[in-house]
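One structure is given here, and the rest of the page talks about it.
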Amino acid sequence: MKITNHAKSLPLPPGDLGLPLIGMDKTFLQNPQHFREELYQKYGAISKTRLRGKNYIYLYGYEAVKFVLINEDKYFVNTSFPNSKKIFGNTNIGMLRGEEHKNRRQLLAKALKNKALNGYINTIQDLTQNYFTRWIQSEVSDLSAQLNYYSLDLFLKLLLGIDSGSQTEINNYLRTMGSGLIAIPLPLPWTKFGQALDRKKILFAEFETIINQRQQENNRGSDILGVLLEVQKQTGNNLSSRELAEQIVNLLLLGRNELTSALTSFLMLTIQYPSVLESLKIEQEQLDKSEPLSLEKLKKMVYLEQVIKEVLRQAPPVSGGLRQVIQDCSFQEWRIPQGWNVVYQITSVLEDPDIYEQPEKFNPERFNPINAEDKKKPFCYLPFGGGVRECIGKEFAFLVIKIFVSILINNYSWKFKQNQNLTINKFPVSRPASKVAICFSKQT
Ligand code: HEM
609 MKITNHAKSL PLPPGDLGLP LIGMDKTFLQ NPQHFREELY QKYGAISKTR
659 LRGKNYIYLY GYEAVKFVLI NEDKYFVNTS FPNSKKIFGN TNIGMLRGEE
709 HKNRRQLLAK ALKNKALNGY INTIQDLTQN YFTRWIQSEV SDLSAQLNYY
759 SLDLFLKLLL GIDSGSQTEI NNYLRTMGSG LIAIPLPLPW TKFGQALDRK
809 KILFAEFETI INQRQQENNR GSDILGVLLE VQKQTGNNLS SRELAEQIVN
859 LLLLGRNELT SALTSFLMLT IQYPSVLESL KIEQEQLDKS EPLSLEKLKK
909 MVYLEQVIKE VLRQAPPVSG GLRQVIQDCS FQEWRIPQGW NVVYQITSVL
959 EDPDIYEQPE KFNPERFNPI NAEDKKKPFC YLPFGGGVRE CIGKEFAFLV
1009 IKIFVSILIN NYSWKFKQNQ NLTINKFPVS RPASKVAICF SKQT
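Residue numbers 609 to 1052, in this note's numbering, belong to the letters of the sequence shown in order.
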């Protein structure tokens, strides 16, 4: 690996840019996962392609991925869908760079890490318990869809104090806004883009009303908005209600699907390993049942943490990251030109046999303090990305998953219908290859 001022004189990586107008769109759309795998098989760690009118460089494997993550803001910046700024706002963390990005992370971290998490435990417990009480009444016909409602309810309650958010129009608004992201940017009432802008207006107005009301109240509450308002009051660093609404929508967008994916994969993978379930149960039984859940108690669930890590390694909710190249650079004597996009592949690192012994095996013990395969070198445990843009919701995600699983293991059992396909597709987000039904029942 060499970074050089002569990057411009180096050749472009191997690959196929396809035909001038359509690039490689046709092959990509036929099977995106296969397209990605084939690039690696044909060309190795670095290759070029052209999709939807843009040039891309795909980077695979530990060294290539590390190259992107350590050169954030130097050669690469975060980028998103073409209409992202117009639909989701331009002050959210994904759009910020450099110092501004760092400051925004510091603010959000106050609400998503450490002590603040203690304030969310009861809400997560109550909401999870309510869902299980409902789920044991009849078969859940689509696990992912149910967990998606669960995650939305959880996020809306913890972000803004909204109850039963999945029963409101919010879900539809978010879906319409999402489908405007890559639409032709024509702001007319009947276009996807126009509809996305319309729903954005309604959603943001609703959220801003809640934020304004909360700002007037003496007791700001112990949810994420409450913590953010309190921190702002103390630091005098005031975001407008629109800016706060943008942060909140962004957290929802960046956390909800990932959480759904992680919980779905947890249920689908662990059921296949009875000895893992047995060990999880033993660990729960060893904990003091009379002690209420707290960060301290959750910390004692060491084996559970290992299992979650292994689930996320085998089925990472996010398969990779996208960046724009802001300065010509090179990797392995191949040129990475300014203006192109790079895609770094998380899965390629998590399945690397030089890091993870027998990576195809489901083995939570690889994360015990002796094996500690994830600590072999920096940037080798990547479900949450790495570097300055590492997931800021990591601790929060572990908190929710741990609470969910401890309630599950202590009170319920689950099974999937016979002969159901339990394959998990890993691209672009890990999710079941087909709809899966699940039955939860109360332990006797
Ligand atoms: C198991 C669950 C989760 C996984 C696997 C996950 C994964 C990731 C990954 C891989 C990135 C970096 C993407 C990149 O490099 O482009 C990221 C960023 C981010 N995640 Fe998560 N995430 C999860 C849950 C959450 C939750 C629950 C929240 C919010 C409460 C959240 C908020 C964010 C934010 C705000 C960023 C952007 C950070 C920045 O740009 O500085 N994530 N996440």
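Backbone N, C-alpha and C define an ideal beta-carbon position, used for all residues, glycine too.
**Report entry** Proximity to E893 [Cα-Cα], best of M909, I879, G786
**Finding:** M909
Query raised in the report: Enumerated in chain order, which unbroken segments of the alpha helix (DSSP H) with a length of 4 residues or greater are wholly contained in the stretch 891–958?
Result: 903–907, 910–922, 954–958
Query raised in the report: Between P991 and R921, which are expected to be in contact by the criterion C-beta below 8 Å, what is the C-beta distance as a whole number of angstroms?
Result: 7 Å
Query raised in the report: Can you name, in chain order, every residue of its own chain whose Cβ lies under 8 Å from the Cβ of N949, other than the five neighbours on each side?
Result: K662, N663, Y664, I665, T687, L930, R931, Q932, V933
Query raised in the report: Who are the Cβ neighbours of Q803 in its own chain at under 7 Å, not counting the five residues just before and after it?
Result: T784, G788
Report task. Would you check whether the ligand HEM has a heavy atom nearer than 7 Å to the C-beta of Y988? Result -> Checking the displayed sequence, the identity of residue 988 turns out to be Cys instead of Tyr. Result no, Cβ not under 7 Å from the ligand HEM.
Query raised in the report: Would you report the Cα separation of I770 and W942, rounded to the nearest angstrom?
Result: 51 Å
Report task. Please list, in chain order, all residues of the same chain as L836 whose beta carbon is under 6 Å from its beta carbon, the five residues on each side excluded. Result -> A719
Query raised in the report: DSSP three-state call for D681: helix, strand or coil?
Result: Under the three-state reduction of DSSP output, D681 falls in the coil class, being neither helix nor strand.
Query raised in the report: When the Cβ atoms of the stretch 999–1015 are set against those of the stretch 732–745, are three or more pairs found closer than 8 Å?
Result: yes
Requested in this report: Please list, in chain order, all residues of the same chain as E816 whose beta carbon is under 7 Å from its beta carbon, the five residues on each side excluded.
Outcome: Result list for E816: S849, R850, A853, in chain order.
**Report entry** Under the three-state DSSP convention, the category N1033 falls into
**Finding:** strand
Query raised in the report: How far does the alpha helix (DSSP H) with T784 in it reach, from first residue to last?
Result: 778–787
Report task. Kindly examine the ligand HEM and report whether one of its heavy atoms sits closer than 7 Å to the Cβ of E866. Result -> Of the heavy atoms belonging to the ligand HEM, at least one sits nearer than 7 Å to the Cβ of E866.
**Report entry** Beta-carbon gap between I790 and F689 smaller than 8 Å
**Finding:** yes
**Report entry** 8 Å contact criterion, which L659 and G631 should meet: CB distance rounded
**Finding:** 6 Å
Report task. Flag this pair as yes or no: are the beta carbons of V915 and P967 separated by less than 8 Å? Result -> no
Query raised in the report: Below 8 Å between beta carbons: does that hold for G1077 and S830?
Result: Examination of residue 1077 is not possible in this model, given that the chain is present from 609 through 1052 alone.
Query raised in the report: Is Q754 buried or exposed, if buried means 16 or more other CB atoms sit within 10 Å of its CB?
Result: With 16 or more other Cβ atoms within 10 Å, it is buried.
**Report entry** Pairwise C-alpha distance: L888 and K1002
**Finding:** 21 Å
Requested in this report: Tell me whether A1005 counts as near the ligand NAP, meaning its Cβ is closer than 7 Å to at least one heavy atom of that ligand.
Outcome: As for the ligand NAP, it is missing from this structure, which binds only the ligand HEM.
Query raised in the report: With a cut-off of 8 Å, do at least 3 Cβ pairs link the stretch 1024–1031 to the stretch 955–966?
Result: The answer is no - the stretch 955–966 does not touch the stretch 1024–1031, with fewer than three Cβ pairs under 8 Å.
Query - Start-end ranges of the beta strand (DSSP E) lying completely within the stretch 822–862, minimum 3 residues - result: none
Requested in this report: List the DSSP bridge partners of P1040.
Outcome: I1032
Query raised in the report: Looking only at its own chain, which residues have a Cβ that is under 6 Å from the Cβ of G626, when we skip the five neighbours before and after it?
Result: The residues are M632, R658.
Query raised in the report: Should the stretch 750–768 be regarded as contacting the stretch 1044–1051, the criterion being three or more beta carbon pairs within less than 8 Å?
Result: yes
Query raised in the report: Got a sec: does the ligand HEM put a non-hydrogen atom nearer than 7 Å to the Cβ of N1029?
Result: no
Query raised in the report: From F874 to S759, what distance separates their C-alpha atoms?
Result: Those two C-alpha atoms are separated by around 15 Å.
Query raised in the report: Which of helix, strand or coil does DSSP assign to G623?
Result: strand
Report task. Could you tell me the distance, in whole angstroms, from the CA atom of T671 to the CA atom of T843? Result -> The question names Thr, but residue 671 in the sequence shown is Glu. Their backbone Cα atoms lie some 40 Å apart in a straight line.
Query - Span of the beta strand (DSSP E) around F1024 - result: For F1024, the enclosing beta strand (DSSP E) stretches over residues 1020–1024.
Query raised in the report: Is V951 near E866, with beta carbons less than 8 Å apart?
Result: no
Query raised in the report: Mind checking D896: buried by the 16 CB within 10 Å criterion, or exposed?
Result: exposed
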